[in-house]
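For the sequence shown, our numbering gives the first residue as 1483, with consecutive numbering after it. Just so you know, even glycine gets a beta-carbon here, dropped at the ideal spot from N, CA and C.
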Amino acid sequence: MTLVRWNPSRELEDMSDRLNRMFNRQALPQANAKETMVVADWVPSVDVSETDGEYQIKAEIPDVKKEDVRVTLEDGVLTIQGERKQEKEEKGKKYHRVERSYGSFVRSFTLPDLVDEEKVKAEFKDGVLNLQLPKSEKAKPKAIEVKVG
């Protein structure tokens, strides 16, 4: 019986390859076999933070035009959607590597009941979408004076 050393990285790589074949995605061949990369669906990275007065969501969406981004708030669910369009092929220009993903994206967040939906603000600057979600007055902490008697 031959013992084979377990390699969790290799196992994850094999599982990834099987999933890619299942979804008919092609790996990009590279000079170095260990560097084989797969272009995944594009989902922008977000940071979600909270202060006493509001929640804040920052989404990185570089190379997306303001008019290609849509933010909706419906039934307590905030949805960010848009599209990063791929550059058109130019004559005389050849690509050696394309790692950035293109196409449509959607991110949805269920908001707590504490958000004042009427006062939500969105700002888009330098490839970052910044959403401010103020908390309603009933959600803000209040100091109550305790009388000793």
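- Within the DSSP secondary-structure output, Y1537 pairs in a beta bridge with E1532 and L1615.
- Of the residues assessed, I1626 falls on the exposed side of the cut-off, its CB having fewer than 16 other CB atoms within 10 angstroms.
- Burial state of R1566 is buried, judged by a 10 Å Cβ sphere holding 16 or more other Cβ atoms.
- The C-alpha of G1609 lies about 5 Å from the C-alpha of I1543.
- In this structure, the alpha-carbon of T1592 lies about 46 Å from that of K1573.
- DSSP, reduced to helix, strand and coil, places E1569 outside both helices and strands of the structure shown, so it counts as coil.
- Rounded to the nearest angstrom, the gap between the Cα atoms of S1527 and I1562 is 12 Å.
- Measuring C-alpha to C-alpha distances from A1541 to each of G1535, E1556, L1560 and D1534 identifies L1560 as the nearest.
- In the same chain as S1586, and ignoring 5 residues on each side of it, the C-beta atoms closer than 6 Å to its own belong to E1565, in chain order.
- Measuring C-alpha to C-alpha distances from Q1538 to each of V1628, K1576 and D1598 identifies D1598 as the nearest.
- Secondary structure of S1498 (DSSP, three-state): helix.
- Sequence-distant Cβ neighbours of L1613 in its own chain, meaning closer than 6 Å and more than five residues away, are I1539 and A1604.
- Residue pairing by DSSP places E1556 opposite V1559 in a beta bridge.
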